[in-house]
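Down below is the structure, laid out as structure tokens.
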Amino acid sequence: MNLSRATVFTGSLLALSLMAVAMGLMTGSLGWAWHIDWQDPIVQDIRLPRTLGAWLAGALLGLAGALAQGLFRNPLADPYLLGSASGASLGVALALAMGMWAYAEAGQFSYAMQWGFRLGLTGMAFVGAWVAVLLTLMLARGAEQTLRLLLAGVVVGVVLGAVTSLVTLAFPQTLPAMQSFLLGNTSMLSGQACMMMGAIWLVCLVLSCLLSPLLDGLRLGEATAQSLGLQVKPLRILLLAVMGLATASAVAQTGLIAFVGLVAPHLVRSRVQGSYASLLLLSSLMGGVLLTTADVLARGLWAPQELPVGVLTGVLGGGYLLWRLHSPSAKTM
Amino acid sequence: MKTFAIKTKDLQVCIDKTQVLHAMELSIEAGQWTCVVGPNGAGKSTLLKALAGLIPSTGELTVQGKPLSSMSDKDRAKCMAWLGQQESGTDDLSVQDVLMLGRLPHQSLWAGASAQDQSIVQSWMDRLQLAHLQNRSLLQLSGGERQRVLLGRALAVQAPILLMDEPIANVDIPHQSDWLQTVKQLTQQQTTVVSVLHDLNLAMRADHVVLMHQGRLVMQASPDDPLLHEALTDVFERRMSIQRVADQWVVLPI
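Chains as they are written, first to last, in our numbering: chain A, 1 to 333; chain B, 334 to 587.
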């Protein structure tokens with residue numbers, strides 16, 4: 001691996017992250033301000049958790065995307081195409097429905113209930129994401145057949161999407177929250193959500209980097225990985241769990257934000273080669289930069305009107321992939 | 334006295350309830366090149382995978398005197414390097430990264446490449462004349478260069494046994510010649526080489542030939558053995574002849 005290039009790239013992504021976060025703190029509904037007023041409660045209570053949360057959600061999605069592409073040896077694999085985002089959506093819909101019911105029973109949310117609700121949201125999203133990935137793998141009869149895997153992911157996504165709609169119809173009071181969730185939204189991110197995503201991001205990053213030799217071995221095929229003494233099945237299950245946790249925690253807090261998980265690893269691979277340990281870290285940093293930038297643009301482009309950030313990432317990410325498909329380097333995708 | 338790197342007794346493999354290998358009794362001599370041949374569907378690749386412990390099998394299988402089933406995954410990987418058929422990278426791995434994959438059996442899950450790993454990879458890059466390609470992507474190389482890199486990956490394991498499935502398929506004559514030289518050097522250094530080859534002309538250059546047909550062992554013999562020539566001709570429907578040309582056996586289709 002070209003270490004100096006990777007180091008420069010890491011430094012650039014960290015610098016870009018700081019710039020994007022600073023821009024996030026300076027961007028409000030009335031447009032841009034050219035300084036950060038740390039005493040301003042709006043900065044402290046709204047912009048700071050929102051911007052940090054956007055970075056963390058992007059970092060989780062970038063990491064999950066790099067894991068999916070490595071695990072399934074497929075550059076088109078991302079947490080959404082494998083159905084895990086749809087599964088997470090269903091989990092969130094069920095958690096919202098149950099939360100609304102609990103709120104109706106108790107009359108108000110205590111601090112402990114707020115934490116419990118967030119944990120329950122993430123937990124349900126995690127279970128939903130995992131169930132969806134397992135369903136996709138069962139339908140595809142493993143992860144080796146690329147086309148079958150992607151088709152199975154589409155089928156699982158559609159079916160679970162339909163079930164999510166049914167849950168939403170059955171509990172109409174969840175409709176506004178679900179609509180915001182489906183469009184992808186960073187405006188409701190709180191300090192609690194940031195702490196939770198930050199902790200999960202650290203755990204997922206450390207675990208996936210430690211288990212990354214499997215992804216390196218899988219690059220030449222499952223049999224080769226096995227011949228290199230790697231315990232493919234248990235390590236793959238562990239990494240799938242990490243991918244599910246990363247996806248679920250991001251989706252539970254910000255809703256469906258498309259293409260970040262798919263595009264971030266592509267952008268990294270177009271600049272640096274190397275072991276998966278560095279690709280995972282760089283994809284995660286890239287995901288953070290992408291989503292924070294998209295969040296700033298979503299707030300600033302039509303201020304005071306705000307665009308749903310998921311719509312913006314969909315347009316930008318889709319455009320990027322179309323451009324890559326038609327570029328001369330498309331054969332490496 | 335002969336020593337055997339791999340021995341099998343009544344080795345059988347079933348895939349999806351279909352028996353693919355029947356009662357294989359093999360003795361692979363240590364420090365020699367053994368080549369497995371046979372028509373398409375004979376079970377050659379399955380045999381190699383079973384020997385490498387990559388697919389479940391029944392019967393006895395001992396590697397360097399130890400039952401394979403008693404070896405840990407890491408020990409098995411350090412003992413037997415495996416080069417699969419048409420291994421290919423899915424993304425832009427550099428040549429150096431590919432060779433470094435061969436050092437995975439020697440690394441713990443929590444530690445990266447050591448200075449010794451770097452030096453072993455560098456030495457194989459030099460020996461296989463890959464040093465000038467070390468930062469090139471695997472996808473940018475020609476078929477012959479790519480095969481050399483993948484061979485380097487298997488050799489970087491530094492295992493006493495090397496198993497190769499069709500290592501020179503679609504490779505031109507100069508690269509085939511390089512491969513033959515490498516195999517000869519390896520056996521001189523007491524590495525046991527077992528390869529599956531479709532090219533019978535190259536297979537007849539091995540120290541021993543294992544002939545398979547319909548999942549069964551037909552014969553294991555030296556390439557000079559007239560009985561092997563007869564068996565080969567039979568298995569390939571008597572549509573070939575084996576002749577001695579320039580001190581080598583040459584197989585010609587009729």
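Ideal placement from N, C-alpha and C gives every residue a C-beta, glycine not left out.
The alpha-carbon of Leu-160/A is positioned some 8 Å away from that of Ala-132/A.
At a cut-off of 7 Å, the C-beta of Ala-223/A has a neighbouring C-beta in chain B.
Straight across, the Cα-Cα distance linking Asp-78/A with Ala-258/A is about 10 Å.
When the five nearest sequence neighbours on each side are left out, the beta carbons in the same chain lying within less than 6 Å of the beta carbon of Trp-366/B are those of Val-516, Thr-520, Val-526, Ala-539 and Asp-540, in order along the chain. With a minimum length of 4 residues, the unbroken runs of alpha helix (DSSP H) contained wholly in the segment 231 to 312 of chain A fall at 232 to 254, 260 to 269 and 276 to 300.
Only Ser-405, Asp-406, Lys-407, Asp-408, Arg-409, Ala-410, Lys-411, Met-413 and Ala-414 from the segment 398 to 414 of chain B bring a Cβ to less than 9 Å from some Cβ of chain A. Of the residues assessed, Gly-191/A falls on the exposed side of the cut-off, its CB having fewer than 16 other CB atoms within 10 angstroms. The beta-carbon distance between Gly-371/B and Met-497/B, rounded to whole angstroms, is 16 Å. This is too long to meet the 8 Å contact definition. With a cutoff of 7 Å on beta-carbon distance, Ala-20/A and Thr-186/A are scored as not near each other. Excluding sequence positions up to five before and after Leu-401/B, its CB lies within less than 6 Å of the CB of Gly-386 and Leu-394, all in the same chain and listed in chain order. Counting only residues of its own chain and dropping the five nearest sequence neighbours on each side, Arg-271/A has a CB closer than 7 Å to the CB of Phe-9.
At a cut-off of 7 Å between beta carbons, Leu-220/A contacts chain B. Boundaries of the alpha helix (DSSP H) around Ala-410/B: 406 to 412. Rounded to the nearest whole angstrom, the CA to CA distance from Leu-214/A to Val-584/B is 42 Å. Where Phe-337/B is concerned, the enclosing beta strand (DSSP E) starts and stops at 337 to 348. Listed along chain B, the residues sitting closer than 7 Å to Leu-228/A by beta-carbon distance are Ala-410, Leu-434, Leu-437 and Pro-438.
Excluding residues up to 5 positions away in sequence, Trp-582 lie with their Cβ nearer than 8 Å to the Cβ of Asp-557/B in the same chain.
Here His-562/B is buried, its C-beta having at least 16 other C-beta atoms within 10 Å. Of all residues in the segment 260 to 287 of chain A, only Arg-269, Gln-273, Gly-274, Ser-275 and Ala-277 come within less than 8 Å of chain B when Cβ atoms are compared, listed by chain position. His-355/B carries a strand assignment under DSSP once its states are collapsed to helix, strand and coil. Between Ala-152/A and Thr-164/A, the gap from beta carbon to beta carbon reaches 7 Å or more. Across the set Leu-63/A, Val-315/A and Leu-325/A, the C-alpha of Val-315/A shows the shortest separation from the C-alpha of Leu-183/A. Below 8 Å, too few C-beta pairs join the segment 281 to 289 of chain A and the segment 37 to 51 of chain A to call them touching: fewer than three.
Closest by C-alpha distance to Gly-123/A, out of Ala-93/A, Ala-102/A and Gln-231/A, is Ala-93/A.
With a cutoff of 7 Å on beta-carbon distance, Ala-64/A and Gly-255/A are scored as not near each other. According to the DSSP assignment, Gln-192/A belongs to the alpha helix (DSSP H) that extends over 191 to 210.
DSSP places Ser-510/B inside the alpha helix (DSSP H), whose first and last residues are 506 to 521.
About 7 Å separates the CB atoms of Gln-440/B and Asp-450/B; that is less than 8 Å, so the two are in contact. Residue environment: Val-309/A is assigned as buried (16 or more neighbouring CB atoms within 10 Å of its CB, all protein chains considered).
For Ser-528/B, the beta-bridge partners assigned by DSSP are Cys-368/B and Met-497/B. Taken through DSSP and simplified to helix, strand or coil, Trp-55/A comes out as helix. Classified as buried, Arg-236/A has 16 or more neighbouring CB atoms from the shown chains inside 10 Å of its CB.
Looking at Gly-319/A, Ala-177/A and Ala-59/A, the one whose alpha-carbon comes closest to that of Met-100/A is Ala-177/A. DSSP, read as helix, strand or coil, puts Gly-374/B in coil. Interface annotation for the segment 455 to 479 of chain B against chain A: Asn-468, Ser-470 and Leu-472, criterion Cβ-Cβ distance under 8 Å. In the structure shown, the three-state DSSP call for Ala-554/B is strand.
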